[in-house]
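In the working numbering, the protein residues as written are 3 to 224.
Report on the structure given below.
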């Protein structure tokens, strides 16, 4: 294994971590924009999406360069392939953050609507999933990755709870239906971000163990 190849791999790690950092911040800001009723913060998220897109392209080009020049095998090949997939998942997380920010910007044009504590908790847990999935990548920690996969079921449950809560509020407050639908959309976006964090965790397991665990519950329980 050449010193040049090792440097390229380290550089690739730095690049994907840089993307993850920006995406994490975008998600945090979009959620804060909803909770704080802050249109300015929402606009900042939307304006930052181009940066994420540019970083995603840069990482993809780096991966393709490594594959073409060094033809890695075994764990190194799995790592580069996983980064390609994780890179795309991070970009999609960024898109969902923008969608949340768009909902926040809309809600900010009306009197403040109380955010259900369930949505606040769902947002907190989703952010934790994202953080832990990326920590698992950095540390090659398959145990942490499996915890992320398991946590996805909790987010699904919160999303179902939000559907019930919003439906009840719509019946009680029909004048708020439009705003409540936007709040429900926030829940859906969070659920999708959690799914993408799970994808990242599954790719960490693949990188370290060489095992594809998608759709395989038994493999996640090992």
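We put the beta carbon where it would ideally sit given N, CA and C, even for glycine.
Residue i by DSSP, collapsed to three states: which one?
i           : result
residue 73  : coil
residue 216 : coil
residue 187 : helix
residue 192 : helix
Hey, could you find the ends of the alpha helix (DSSP H) residue i is sitting in?
i           : result
residue 175 : Looking at the DSSP string, residue 175 is not in any alpha helix (DSSP H), and its letter there is neither H nor E.
With a cut-off of 8 Å on the beta carbons, I'd call residue i and residue j a contact; round off their distance for me.
i           : j           : result
residue 142 : residue 210 : 5 Å
residue 21  : residue 61  : 6 Å
residue 161 : residue 181 : That pair is no contact at about 18 Å.
residue 157 : residue 185 : The Cβ separation is near 16 Å, so there is no contact.
residue 89  : residue 123 : Actually they do not touch by this definition, with Cβ atoms about 29 Å apart.
residue 33  : residue 125 : 5 Å
residue 47  : residue 109 : The Cβ separation is near 14 Å, so there is no contact.
residue 96  : residue 174 : Not confirmed; about 35 Å, so no contact.
residue 188 : residue 105 : 5 Å
Does any residue of chain D bring its CB to less than 8 Å from the CB of residue i?
i          : result
residue 51 : Of the protein chains in this structure there is only one, and it is not chain D.
Alpha helix (DSSP H) segments (min. 4 residues) lying fully within the region 23–78: 41–49 and 51–72
Segments of 4+ residues assigned as alpha helix (DSSP H) that fall wholly inside the region 77–153: 119–141
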